[in-house]
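Enquirer: Numbering (this note's numbering), first residue to last: 191 to 381.
Positions of the beta carbon are idealized from the N, C-alpha and C atoms, including for glycine.
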């Protein structure tokens, strides 16, 4: 499954109903969270590739998940390994995990534990989709960032990702996540 197909599946009504029901949220809140969380996780993965250890770890994870049945996970969230998902989230965001979850909760009017639960379901699905997509391609540590950026482009959100990049750490506080989330929250208010 490619990343564009994943984004489309995650935001269809049936999938949103299922995901929302799994955490006791509304479909609207869940869609907002998916719309915010997926690009934020992808951008964090891309930032992690800037560190050799981060790139090695991500590449290894993609290889481990390259045969995951992503479609099955999206169609039945009970098949997602949430324990593994929590570990993936912690690897993606590192020390910022709790702050990212709080920011996502604030911008979606969800509780932090609801956000954490959804992220633990989305992270293995995203990693599986990226793993599926890199399979058969010559992806290694040297071009992992290019692969991720090319994948983000396929979502049709190229302009959005460019804007996110330009807004990173806008207030110079060393915390890029508040700026990413503020940007995405502004997009939803305009609609």
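Which residue's Cα is closest to the Cα of residue 194: 255, 308, 228?
Expert: Checked all of 255, 308, 228; the closest Cα to residue 194 is 228.
Enquirer: Between which two residues does the alpha helix (DSSP H) carrying residue 331 extend?
Expert: Run containing residue 331: none; DSSP gives neither H nor E here.
Enquirer: Are the segment 292 to 307 and the segment 204 to 216 touching by the rule of at least three beta carbon pairs closer than 8 Å?
Expert: Touching, per the Cβ criterion.
Enquirer: Measure from the alpha carbon of residue 232 to the alpha carbon of each residue in 333, 330, 320, 271, then state which is nearest.
Expert: It is 320.
Enquirer: Inspect the beta-carbon positions of residue 283 and residue 234 and report whether they are closer than 7 Å.
Expert: For residue 283 and residue 234, yes; Cβs fall inside 7 Å.
Enquirer: Counting beta carbon pairs with one atom in the segment 303 to 323 and one in the segment 270 to 281, are three or more of them shorter than 8 Å?
Expert: Counting Cβ pairs under 8 Å, three or more are found: they touch.
Enquirer: Let's test the definition: count the other Cβ atoms within 10 Å of the Cβ of residue 285 and tell me whether it reaches 16, buried, or not, exposed.
Expert: By the neighbour-count rule (16 or more Cβ atoms within 10 Å), residue 285 is not buried but exposed.
Enquirer: Please name the residue in 326, 332, 248 whose C-alpha comes closest to that of residue 280.
Expert: Nearest option by C-alpha distance: 248.
Enquirer: For residue 294, I'd like the list of residues in its chain whose CB is within less than 7 Å of its CB, leaving aside the five on either flank, ordered along the chain.
Expert: Same-chain partners within the cutoff: 223, 226, 227, 305, 371.
Enquirer: Please report the Cβ distance between residue 246 and residue 331, rounded to the nearest whole angstrom; I am assuming they are in contact, meaning their Cβ atoms lie under 8 Å.
Expert: Between residue 331 and residue 246 the Cβ distance is about 6 Å, and since that is below 8 Å, they are a contact.
Enquirer: For residue 256, I'd like the list of residues in its chain whose CB is within less than 7 Å of its CB, leaving aside the five on either flank, ordered along the chain.
Expert: If we look at residue 256 and ignore the five residues flanking it on each side, its Cβ neighbours are 321, 322, 324, 325.
Enquirer: Give me the Cα-Cα distance between residue 201 and residue 243, rounded to the nearest whole angstrom.
Expert: Roughly 33 Å separates the two Cα atoms.
Enquirer: Would you call residue 203 buried or exposed, if buried means 16 or more other Cβ atoms sit within 10 Å of its Cβ?
Expert: By the neighbour-count rule (16 or more Cβ atoms within 10 Å), residue 203 is not buried but exposed.
Enquirer: Alpha carbons only, please: which of 337, 270, 197, 265 is nearest the one belonging to residue 307?
Expert: Closest option to residue 307, Cα to Cα, is 270.
Enquirer: By alpha-carbon positions, which one of 265, 263, 328 ends up nearest to residue 253?
Expert: Ranking the options by Cα distance to residue 253, first place goes to 328.
Enquirer: Spatial neighbours of residue 352 within its chain, please: CB distance less than 6 Å, with the 5 preceding and 5 following residues excluded, ordered by chain position.
Expert: Reliability of the predicted coordinates at residue 352 is poor, the pLDDT of 44 falling under 50, and the value obtained from them is presented with this limitation in mind. Result list for residue 352: empty, nothing under 6 Å.
Enquirer: At the level of alpha carbons, what is the spacing between residue 237 and residue 268?
Expert: Those two C-alpha atoms are separated by around 30 Å.
Enquirer: Is residue 262 closer than 7 Å to residue 191 when the C-beta atoms are compared?
Expert: The answer is no: Cβ separation not under 7 Å.
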